[in-house]
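Let me begin by presenting the structure, written as structure tokens, before commenting on it.
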Amino acid sequence: MDSAGDFLALFYLLKLPVEVINLKASDVSHFLSKIRCMAIIVSPTGWANAATIDVVYDLLHMMGRDDIPVGLGDVFAINQSDSIFSAVGDCKYVKAIPHGSGGFLDSDTLYGLARNLPRSPRRYTAENSAKFGAPRDTDHPELRQPLALEIWDSVVQKLEPGSKISILTNGPLTNLAKIILSRKNSSSVIQDTFLGEILGAVVLAGDPLLNPILQIKPIKVLAEGVESKDGQIVVDEKQGKLVKILESVDPVVYYDVFTMQLGVKNQSAVVGSFEEQRRMWSSQPNS
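Letter by letter, the sequence shown follows residues 972 to 1258 in our numbering.
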């Protein structure tokens, strides 16, 4: 979560009433639907690996959604590697960043909005942090930070027969690519994929007043070298694969729907009001 768009997209979806999401989700979609099937998978940036996870945890905690699992993806792109430090791939600048106690940059070295969120009891801890004195041990995987593919497997296993997953992507598609490449028949459980931070979140919520215009177009990936590195998506009428593409929405309605939902104070994803939320995350645990 390295941009305001990421934060606002997640915040918007968490503020939607459960009934609205479940109405869309009752037949095929399980992205932000039934509580047991929702999850967030993070594409870390290299700079803010730990902080990315912790900001998501804090936002979920503020919204009363500590039940939502969060999975950590790879810092590097597919087929990238580094002989000295494989976790950074071709991202050369990462080598100059000082490591925190868990092997990655500590979240408390970063500044910004994260400082103003209520602190979640869930925190990121790297796999190798036990040797630095942190309460994590790779011999006990239930204690470490869940990985993206592990969270995906958990969500798929809990799907009801005939149900599918809708995915909103706000950044690199590395996690989605790894899911499709490494999990057999994974594409068969994906109903829709929405790209584009706030716009994707609003369209995913499915307000009919948006008047979305969708078209099915044949697209193809072209690349001068390796598709995973310099590939570009183009429309190819002869050899393209048919994909549903959002052509347009009513821009005035889009703005109104988004801003009005952010301003609602009496309903969020789970709890009844922001006052109830404030009491929850301001009180001591088990009080």
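Glycine included, each C-beta is placed from N, C-alpha and C at the ideal position.
Going residue by residue through the segment 1181-1206, where are the continuous alpha helix (DSSP H) segments of at least 4 residues, counting only ones entirely within it? 1198-1201
Helix or strand or just coil, what does DSSP make of V1127? helix
Buried/exposed call for I1039, threshold 16 Cβ in 10 Å: buried
Among L1170, D1221, V1214, which has the Cα closest to the Cα of I1184? D1221
Where does V1174 fall in DSSP's three states? helix
State whether the segment 1153-1160 contacts the segment 1118-1136, with contact taken as three or more CB pairs (one from each stretch) at a distance under 8 Å. yes
Pick helix, strand or coil for E1168, following the three-state DSSP scheme. helix
Under the assumption that V1041 contacts V1027 (Cβ atoms under 8 Å), give the Cβ distance between them as a whole number of angstroms. 5 Å
Return the first residue and the last residue of the alpha helix (DSSP H) that I1150 is part of. 1145-1153
Under the three-state DSSP convention, the category D1045 falls into: coil
So which of S974, A1010, Y983, P1015 has the shortest CA-CA distance to L1144? P1015
Grab the span of the beta strand (DSSP E) containing V1214 for me, first residue to last. 1212-1219
Please go through the same chain and pick out, in chain order, the residues whose beta-carbon is closer than 6 Å to the beta-carbon of L1175, but skip the five residues on each side of it. L1139, F1165
How long is the line joining the alpha carbons of L987 and L1193, rounded to whole angstroms? 38 Å
Who are the near neighbours of G1044 in its chain, counting only those whose CB is closer than 7 Å to its CB and skipping five residues on each side? I1012, V1013, S1014, P1015, A1119, T1145, N1146
The alpha helix (DSSP H) with L979 in it runs from where to where? 975-986
On the three-state DSSP scale, how would you describe I1039? coil
6 Å Cβ shell around I1187 - same chain, five flanking residues per side excluded: L1213, K1215
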